[in-house]
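This report refers to the structure that appears directly beneath it.
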Amino acid sequence: MEPEFPTAFNFQVMLDDARNRLPDLYQRWCRLGSLFASIRHDELGHSFEHLDANFDLVLRMLEQEQSRALGCYGKKIEGGVMFAQISLSKMWLFSVYEIVRQTCETPCAGQTQSKSYCHDNACVRCKALRPVRDRLNRFRVPLAKLQYEYDRVQTGKQSNYHAKMVIGNESGSIGWETYSSRTNTTETASRLELSNFILDTLEPFAASD
-13 MEPEFPTAFN
-3 FQVMLDDARN
7 RLPDLYQRWC
17 RLGSLFASIR
27 HDELGHSFEH
37 LDANFDLVLR
47 MLEQEQSRAL
57 GCYGKKIEGG
67 VMFAQISLSK
77 MWLFSVYEIV
87 RQTCETPCAG
97 QTQSKSYCHD
107 NACVRCKALR
117 PVRDRLNRFR
127 VPLAKLQYEY
137 DRVQTGKQSN
147 YHAKMVIGNE
157 SGSIGWETYS
167 SRTNTTETAS
177 RLELSNFILD
187 TLEPFAASD
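For the sequence shown, the positions run -13 to 195 when my numbering is used.
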């Protein structure tokens, strides 16, 4: 069967290899998925979120190889590999943002409105989910909507705005430089930096969940 479906089985080999090489990282994402599902009171959500964790692992493996190529040969691996890395990096960002956003819509304990916050330092929604959502959003908006993140009171929005794409020489990770008129700041971050930021910010709450 395998020779008839090389693309499918190559994907399987790639996923198995990534999970075998990065088992602790996969478990970290699994714990976050369980935390998100618990906050949303979603009995099935964690199993679907675990599936998204696979692509963080695959992208990390690809980023490591890009980093080695840059270090050894002074250039990136181009062509279809780069096209796939760019697209998968964006798709990963969109997916993880929506999970965080949807989880953040669940009101804090004692609150009834999704836009109300309790501001308790022990509240995962106020202390961790909201900052993660807001940081991801400044990259999601230009990549998904071709406009920079704007203040909701503004009447005009710039269209056809493209975040500048970069690739880290040390990390091998695709990144973006983007502007936010809401905060009037420019920020550059790689996909890998955003992934680590999510894990480092939210994992303490998953450990105590």
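Every residue, glycine too, gets a C-beta built ideally from N, C-alpha and C. A quick note: this is a predicted structure, and the numbers were derived from the prediction, not measured.
| task | Specify, as a first and last residue, the run of the beta strand (DSSP E) that residue 175 falls within. | result | Membership of residue 175 in the beta strand (DSSP E) is indicated by the continuous run 171 to 176.
| field | Spatial neighbours of residue 81 in its chain, beta-carbon cut-off 6 angstroms, leaving aside the 5 residues before and after | value | These residues qualify, in order along the chain: 38.
| task | Quick one: grab the DSSP three-state call for residue 141. | result | Residue placement at residue 141 is poorly supported in this model, since its pLDDT is 49, which falls under 50; the coordinates still yield a value, given next. Looking at residue 141 - three-state DSSP - the assignment turns out to be coil, as it is neither helix nor strand.
| message | Please report the straight-line C-alpha distance between residue 47 and residue 4, rounded to a whole angstrom. | response | Just so you know, the alpha carbons of residue 47 and residue 4 end up roughly 7 angstroms apart.
| request: Return the bridge partner residues of residue 164 from the DSSP annotation. | output: The partner list for residue 164 (beta bridge, DSSP) reads 173.
| Cα separation between residue 121 and residue 22? | Near 18 angstroms, if we compare the C-alpha coordinates of residue 22 and residue 121.
| said: DSSP three-state label for residue 29, please. | reply: In the structure shown, residue 29 adopts coil according to DSSP, grouped into three states.
| Are there three or more Cβ pairs, one per stretch, closer than 8 angstroms when the segment 158 to 166 is compared with the segment 174 to 185? | Three or more beta-carbon pairs drawn from the segment 158 to 166 and the segment 174 to 185 are found closer than 8 angstroms, and the two stretches are therefore classed as touching.
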